[in-house]
Amino acid sequence: MNRKKRIVLGVSGGIAAFKAASIASQLTQRHYEVRVIMTKSATEFITPLTLQTLSRNPVSIDTFDERNPEVVNHIDLADSADLFLIAPATANLMGKLAHGLADDMLTTTLLATQAPVVLAPAMNVHMYQNPIVEENMTRLRELGYSYIEPGSGQLACGYVGKGRMAEPEEIVEWVENFFLRRQPLRGKKVLITAGPTVEAVDPVRYFTNHSSGKMGYALAQAAQEAGAKVTLISGPVALSVPSGVTRYSVQTAHQMLEKVLEHLPEMDLIIKAAAVADYRPKVVYDQKLKKNAEEMTITLTKNPDIASEVGKRKRSDQVLVGFAAETQNVREHALSKLERKEMDFIVANDVSLEGAGFGVDTNIVTIYDRAGTELSLPLQSKQDLAKQIIEHVGASLI
Ligand code: PMT
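Every number in the working numbering is 5 more than the matching position in the sequence shown, counting from 1.
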């Protein structure tokens, strides 16, 4: 199951506010999480209880009505929205938004959000044609706000003309299409490896590395949000599985190889973010080794290279993305791995840089491909980087 998309439905004060009931109801039935914010004027046209009942969530009206001391309500709603839909959007609401005014719960939340905002205007035809309103709407369009155009016809005020809010069905369809457009990997299958592998010496000791799995898990989440069916093959990490992702837990490089090859035939995209141990102890002792001698020698033997095995076997319609963790000559080593392991892309991180590589929440990478293209992505959270990596490599599948 996909994480439910959260839509903040802003309702401002016009007669079309009554249509917000149908919008809230249809969106909730389609498994969106709907959180309604009303202006005070909107409550003159439709009751908050109606929208609360249909959205199955409390309705916010007053900025200072802070019921949960753990969050600031308007910031929480602003941050958590996947889409901000204003229906109806009155001339007054758009005028305030175009000029950065925030004097109630709805406008305050709108100014704070980074989510895409779509406005469904509704007003009298003469108001709609007023140059001031037109100017405000143009300004908002230029700033990146979208519109669901109003229709023409009989208006509640008695006039006939443009200004009637789009019907709820049209608005709901716009929302559905919006989320479909944002899912470029819909119908694709993605395999991601993450975390370290662990190679036992005896029942209590092992060789491993500092991989926390954060980069791989962020990629799994980003691919899942882009619509893909994601299989995550993970070494031991302390992270929870991103919602909607299927995880297989493994310990050793051999186990990881076996799981990867089992799932390889059905995959469209394979991303190898795991830090696989290149060597393992040649002998794994059944009993705990005793510390008798001053020195001890453990002979290591080479592990299989999973990326190379995938590179050899993959079909021409499958895309293989590797990672390269380097501390020097990053470009040179990365390009050599890209070639040697028959990858389509390699994401190189210089793990000697502060804020990059193992364990930390951020990374700095450059993506190389076989055509010689390079895309450098500066220091940012592993989540933000993962979205860009998925977008970049995912484009080669479409
Ligand atoms: O997990 P985090 O703490 O978030 O850290 C992220 C990371 C640094 C682990 C990640 O960004 C990363 O760089 N992963 C790859 C680490 C690595 O093993 O790099 P490498 O240069 O040694 O290997 C190159 C590629 O071959 C990798 O895709 C690796 O998965 C693969 N490989 C390596 C050895 C092996 N035996 N089998 C492999 O498949």
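Even for Gly, the Cβ is constructed at its ideal location relative to N, Cα and C.
Beta carbon of residue i: closer than 7 Å to some heavy atom of the ligand PMT?
i      : result
VAL281 : yes
PHE363 : yes
GLY405 : The question about residue 405 has no answer, for the chain in this structure spans 6 to 403.
ASN308 : yes
VAL356 : yes
ILE372 : no
LYS342 : yes
GLY200 : yes
LYS392 : no
GLY316 : no
LYS295 : no
ASN141 : no
LYS9   : no
GLY218 : yes
PHE212 : no
GLY149 : no
ASN73  : no
ILE395 : no
PHE184 : no
PHE350 : no
LYS264 : no
LYS387 : yes
ALA227 : no
ASN368 : yes
ILE311 : yes
GLY377 : no
LYS319 : no
LYS287 : no
ALA103 : no
GLY360 : no
LYS346 : yes
ALA329 : yes
LYS277 : yes
ALA258 : yes
Pop quiz: residue i and residue j are said to be a contact at Cβ under 8 Å. What is the actual Cβ separation, rounded to whole angstroms?
i      : j      : result
VAL195 : ALA228 : 4 Å
ALA161 : THR114 : So it is not a contact: roughly 27 Å between Cβ atoms.
ALA243 : ARG285 : With 8 Å as the limit, ALA243 and ARG285 do not qualify as a contact, their Cβ atoms being about 23 Å apart.
LEU274 : LEU402 : 6 Å
GLY240 : GLY200 : 4 Å
ALA278 : THR198 : 6 Å
LEU102 : LEU54  : Between LEU54 and LEU102 the Cβ distance is about 27 Å, and since that is not below 8 Å, they are no contact.
ILE12  : MET43  : Between MET43 and ILE12 the Cβ distance is about 15 Å, and since that is not below 8 Å, they are no contact.
PRO247 : ALA225 : 5 Å
ILE51  : ALA22  : 5 Å
Would you mind reading off the limits of the alpha helix (DSSP H) that contains residue i?
i      : result
PHE183 : 173-186
TYR222 : 219-230
VAL398 : 387-399
ALA25  : 24-34
Along the chain, where does the beta strand (DSSP E) that runs through residue i open and close?
i      : result
LYS264 : Where LYS264 is concerned, there is no enclosing beta strand (DSSP E), although the alpha helix (DSSP H) it sits in stretches over 258-268.
ARG38  : Strictly speaking, residue 38 in this sequence is Glu, with Arg absent from that position. Counting along the chain, the beta strand (DSSP E) containing GLU38 begins and ends at 38-43.
LEU59  : Here LEU59 belongs to no beta strand (DSSP E); instead the alpha helix (DSSP H) covers 53-60.
VAL13  : 11-16
GLY168 : 165-169
VAL195 : 194-199
TYR373 : 367-374
ILE275 : 274-277
SER239 : 234-239
ARG252 : 251-254
GLY362 : That residue, GLY362, is in no beta strand (DSSP E); it is neither H nor E in DSSP.
SER46  : That residue, SER46, is in no beta strand (DSSP E); it is neither H nor E in DSSP.
GLY158 : 156-159
Which residue's Cα is closest to the Cα of residue i: the options?
i      : options                        : result
ALA125 : LEU56, GLY240, LEU14           : LEU14
SER357 : ASP374, ILE351, ALA330, GLY19  : ALA330
LYS10  : SER27, HIS36, SER17            : HIS36
LYS167 : MET132, LEU190, ILE395, THR44  : MET132
ALA29  : PHE350, ASP349, VAL180, ASN354 : VAL180
ALA233 : TYR152, ILE276, ARG320         : ILE276
ILE58  : PRO74, ALA25, PRO155, ASN78    : Here the sequence assigns Thr to residue 58, which means Ile is not the residue at that position. Among PRO74, ALA25, PRO155, ASN78, the Cα nearest to that of THR58 is on ALA25.
SER46  : SER341, ARG186, VAL76, ASN97   : ASN97
LEU88  : ARG318, SER60, ALA120, LEU106  : ALA120
SER254 : GLU178, VAL203, ARG187         : VAL203
THR332 : ASN62, VAL370, VAL206          : VAL370
GLU267 : GLY149, VAL76, GLU344, GLU314  : GLU314
LYS193 : GLU379, LEU343, ALA231         : ALA231
GLU154 : LEU148, GLY163, MET142         : MET142
GLU172 : PHE183, SER157, LEU343         : SER157
LEU111 : VAL289, VAL130, GLY149, THR48  : THR48
Check: Can you give, in chain order, each stretch of the alpha helix (DSSP H) that sits fully within the region 287-356 and has at least 4 residues?
Finding: 311-318, 335-345
Next item on the list: Note down, one range per segment and in chain order, each alpha helix (DSSP H) of at least 4 residues found wholly within the region 83-136.
Entry: With a minimum length of 4 residues, the continuous alpha helix (DSSP H) runs that stay inside the region 83-136 are 96-103, 110-117, 130-134.
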